[in-house]
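Enquirer: I have a structure I would like to understand better, so I am pasting it below and will then ask my questions one at a time.
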């Protein structure tokens, strides 16, 4: 079972506008679950550092926290999209299409 929890804060609303999206891959249609799993694998998520942030972030920048629980392993990464590898950016865009919790 793989669960992805994406929390987004920042922008002009700051913490007040925080949104969380929780996705259980087993609850999604097979093609969608496979696409997300492929992006997760392509990003080498479990080997990424805990922080991938810009050197000089702006106050209006969005900051993402992605936690992935996959059976026996769990990992959390805090990042700005500008500092994330391409597969993680795409994964973030796909997760942002899900309705917030």
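Residue numbers (the numbering used here): 8 to 108. Beta carbons are placed, not taken as given, at the ideal position from N, Cα and C, and that holds for glycine. Nothing here was measured: the structure is a model prediction, and the numbers come from that model.
#1: Where does residue 66 land, buried or exposed, given buried means 16+ other C-beta within 10 angstroms?
#2: Is residue 91 buried or exposed, if buried means 16 or more other CB atoms sit within 10 Å of its CB?
#3: In the DSSP assignment, find the unbroken alpha helix (DSSP H) run with residue 96 in it and report its ends.
#4: If you follow the beta strand (DSSP E) that residue 80 is in, where does it begin and where does it stop?
#5: Can at least three beta-carbon pairs, one atom from the stretch 94-106 and one from the stretch 28-42, be found at a separation below 8 Å?
#6: Drop a sphere of 10 angstroms on the beta-carbon of residue 50, count the other beta-carbons inside from all chains shown, and report buried for 16 or more, exposed for fewer.
#7: Starting from the Cα of residue 99, find the closest Cα among 41, 10, 46 and give me that residue.
#8: Could you pull the DSSP bridge partners for residue 13 from this structure?
Expert: In short, the structure shows the following:
#1: exposed
#2: buried
#3: 93-103
#4: 80-86
#5: Under the three-pair Cβ rule at 8 Å, the stretch 94-106 counts as touching the stretch 28-42.
#6: Label assigned to residue 50: buried.
#7: 46
#8: 28, 73
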